[in-house]
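Novice: Residue numbers (our numbering): 22 to 488. Here a beta-carbon is modelled for each residue, glycine too, at the ideal position from N, C-alpha and C. Model, not experiment: these values are computed from the prediction.
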Amino acid sequence: MMNRKKFLQSIGAASAFLGIPFSALANDKVTTINDALRSKRIQSDGSMVGFSVDPIKKVRVGIIGLGNRGKVLTQMFYWLIQNNKAEIVGLSDLVEENLDATIDRLKAHQKSKPAKYFGKEDEWKKLVDRDDIDLILITTPWEWHTPMSVYAMRKGKHVACEVPIAYTLEDCQLLIQTAEETKKHCMMIENCCYNEEELFVLNMIQEGVFGDLTHAEGAYIHDLRKHMLSEDYYQDQWRIKHHQQRDGNFYTTHGIGPISNYLNIGRGDNYVSLTSMSSREKNLSDAAKKINSPYADIKCGDMNTTLIKTSLGKTVMLQFDVHTGSPYSRINKVVGTGAVHAGYPSRLYIDNPDDLKYWGHEWLDDTSYQEYKSKYTHPMIKKLKTISQDYKQGHGGMDFVMIYRLITCLNLGVELDQTIYDGVVWSSITPLSELSVAKNSQSVEFPDFTGGTWEKERELEVMRGLS
22 MMNRKKFLQS IGAASAFLGI PFSALANDKV TTINDALRSK RIQSDGSMVG FSVDPIKKVR
82 VGIIGLGNRG KVLTQMFYWL IQNNKAEIVG LSDLVEENLD ATIDRLKAHQ KSKPAKYFGK
142 EDEWKKLVDR DDIDLILITT PWEWHTPMSV YAMRKGKHVA CEVPIAYTLE DCQLLIQTAE
202 ETKKHCMMIE NCCYNEEELF VLNMIQEGVF GDLTHAEGAY IHDLRKHMLS EDYYQDQWRI
262 KHHQQRDGNF YTTHGIGPIS NYLNIGRGDN YVSLTSMSSR EKNLSDAAKK INSPYADIKC
322 GDMNTTLIKT SLGKTVMLQF DVHTGSPYSR INKVVGTGAV HAGYPSRLYI DNPDDLKYWG
382 HEWLDDTSYQ EYKSKYTHPM IKKLKTISQD YKQGHGGMDF VMIYRLITCL NLGVELDQTI
442 YDGVVWSSIT PLSELSVAKN SQSVEFPDFT GGTWEKEREL EVMRGLS
């Protein structure tokens, strides 16, 4: 399979030699992917929309990757384990100390001791090969997400994978084909879809407060210079290496996941095209030089801005900046004919079409805002507050809510909150943004990863109540 660098080189060379516009060549690639997905979908007897499996009373879990993220997510299982809804059967990591620390904390909540797999780079396969595991949770560096997910599905396991689930178009295609062929769940776990603010906004949208939506904005703006330049935070400093080799939006899903729920993407609307540009690079390389880091040669621009159009004419602005000393923000802005919300801090404007003097001048005061927040708190948050105080664990609670919903859906045998198509669509913005940036922000089409199923409106799974 041609790798991405060679593809970019070949497509650029062909465009220059033949005088063919880059956009036409890039979109020919999209057509090829669409044709391949359609062909495979027919052979594998349909899509994964509406897919569910028989109830799994106690979900047996294997976890690959016990670094920073894996350690946090393991803790989100404690309440589920104590209530006999899940069990952690095995753990895998390159570093044995990570496994031992996790097991030591786990023993206060689970009687059985998980098996350990460590040391060799492919030791995780022994964990996946076990026949007493229902679900594999993947929290490893990005380049492992697709191959591990594919291997696990082919070994008969359901998959929950950290973000992004893919970062090449070939990865996206392979994941969909494998899920459809094996008939296994493969869900990208995007915790920001379970944050109280995003769920509050989503519930207002579902209840008609925003009217017809027209535009949304999201982002991942997070100063990661210290983490990326540290020898201790990311194993082998894997994350900064992406910034040396690539240019685009590498971390799309914290912003685009909630926005996709707001806009009903895949359930009546779909992303059809994007254009992307990056600023010059300055901040990360300057930081690297100050500490004499060997990672001072940076390709990725400080700020990437990607504009996306939907089939129904809505627009999205998505930004990515982990280089700059800027306060954290996901923006979380959504605009409708009846209301506007903007995050960081959370603010709400309610339009009053019958009173011109109030049009667009003031956010709601705190009292009025709190009244809306109380009235439209998402039902799942209200329920979890009565079940367990653990609902506030992990990034203010969204990690626990996410894992609770995942395991509960498997316990009940119902559809998961996101499909394989959701994870792939949200992740595909990365390679598509890179294509656009590489050719001076030319527009690039989205493949229709859903095979046309997006055209049929259906209820957002994340809005369902679970018994």
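Just to confirm before moving on: does the CB-CB distance between Leu148 and Gly111 stay below 9 angstroms?
Specialist: yes
Novice: What runs of the beta strand (DSSP E), each 3 residues or longer, lie entirely inside the stretch 275-311?
Specialist: DSSP runs (the beta strand (DSSP E)) wholly in the stretch 275-311: 292-299.
Novice: What ranges does the alpha helix (DSSP H) occupy inside the stretch 106-135, keeping only unbroken runs of at least 4 residues that lie completely in it?
Specialist: 117-127
Novice: Have a look at Ile261 and Gly239 and give me their C-alpha separation to the nearest angstrom.
Specialist: 23 angstroms
Novice: Three-state secondary structure (DSSP) at Val337?
Specialist: In this structure, DSSP gives Val337 an extended state, which the three-state scheme calls strand.
Novice: What do you reckon, are the CB atoms on Gly91 and Thr123 nearer than 9 angstroms?
Specialist: It is a contact, given that the beta carbons lie within the stated cut-off.
Novice: Tell me whether the beta-carbon of Ala187 lies closer than 9 angstroms to the beta-carbon of Ser454.
Specialist: Taking C-beta atoms as the reference points, Ala187 and Ser454 fail to come closer than 9 angstroms.
Novice: Could you check the C-alpha separation between Met23 and Val74 for me, to the nearest Å?
Specialist: Low confidence applies to Met23: its pLDDT is 40, below 50, so where it sits in the model is not reliable enough to give any reading.
Novice: Drop a sphere of 10 angstroms on the beta-carbon of Ile352, count the other beta-carbons inside from all chains shown, and report buried for 16 or more, exposed for fewer.
Specialist: buried
Novice: Can you have a look at Pro366 and say buried or exposed, based on whether 16 or more other CB atoms are within 10 angstroms of its CB?
Specialist: A residue is called buried once 16 or more other Cβ atoms fall within 10 Å of its Cβ, and Pro366, having fewer, is exposed.
Novice: Buried or exposed: which applies to Lys178, given that a residue is buried once 16 or more other Cβ atoms fall within 10 Å of its Cβ?
Specialist: buried
Novice: Take the Cβ of Cys349 as the centre, count every other Cβ of all protein chains shown within 10 Å, and call the residue buried at 16 or more, exposed below.
Specialist: A quick correction: the sequence has Tyr, not Cys, at residue 349. Counting the other CB atoms within 10 Å of its CB gives Tyr349 a total below 16, which places it among the exposed residues.
Novice: Do Met69 and Ala200 have their CB atoms nearer than 9 angstroms?
Specialist: yes
Novice: Per DSSP, what kind of secondary structure is Tyr241 in: helix, strand or coil?
Specialist: Strand.
Novice: Mind the definition here: the stretch 457-476 touches the stretch 209-228 only if three or more C-beta pairs lie below 8 angstroms; say whether that holds.
Specialist: A contact between stretches requires three or more CB pairs, one per stretch, nearer than 8 angstroms, and the stretch 457-476 fails this requirement with the stretch 209-228.
Novice: Taking Arg81 as part of the beta strand (DSSP E), name the residues at either end of that continuous run.
Specialist: Counting along the chain, Arg81 sits inside the beta strand (DSSP E) bounded by residues Val80 to Ile85.
Novice: Suppose contacts are defined by Cβ-Cβ distances below 9 angstroms. Is Gly269 in contact with Thr451 by that definition?
Specialist: Remark: C-beta atoms of Gly269 and Thr451 approach each other more closely than 9 angstroms.
Novice: Helix, strand or coil for Ile32? Go by DSSP, reduced to three states.
Specialist: Summary for Ile32: the model assigns pLDDT 39, below 50, so the residue's position carries little reliability; its value from the coordinates is reported in the next sentence. Ile32 falls in the helix class under three-state DSSP.
Novice: Exposed or buried, which one is Lys460 when buried takes at least 16 other CB atoms within 10 Å?
Specialist: buried
Novice: State whether the stretch 269-280 contacts the stretch 380-395, with contact taken as three or more CB pairs (one from each stretch) at a distance under 8 angstroms.
Specialist: They do not touch, by the three-pair rule.
Novice: Drop a sphere of 10 angstroms on the beta-carbon of Val116, count the other beta-carbons inside from all chains shown, and report buried for 16 or more, exposed for fewer.
Specialist: exposed
Novice: Spatial neighbours of Val343 within its chain, please: CB distance less than 6 angstroms, with the 5 preceding and 5 following residues excluded, ordered by chain position.
Specialist: His243 and Leu245
Novice: Identify the residues that DSSP records as bridge partners of Ile371: which are they?
Specialist: Ala360
Novice: Output yes if chain B places a C-beta closer than 9 angstroms to the C-beta of Leu427; else output no.
Specialist: No chain B is part of this structure, which consists of one protein chain only.
Novice: Residue ranges of each alpha helix (DSSP H) run of no fewer than 4 residues wholly in the stretch 178-251, ordered along the chain?
Specialist: 190-203, 217-227 and 246-250
Novice: Between the beta-carbon of Gln266 and the beta-carbon of Lys303, is there less than 9 angstroms?
Specialist: no
Novice: Do you know whose CA, among Gly415, Gln439 and Gly67, lies nearest Lys204's CA?
Specialist: When Gly415, Gln439 and Gly67 are compared, the shortest CA-CA separation from Lys204 is found for Gly67.
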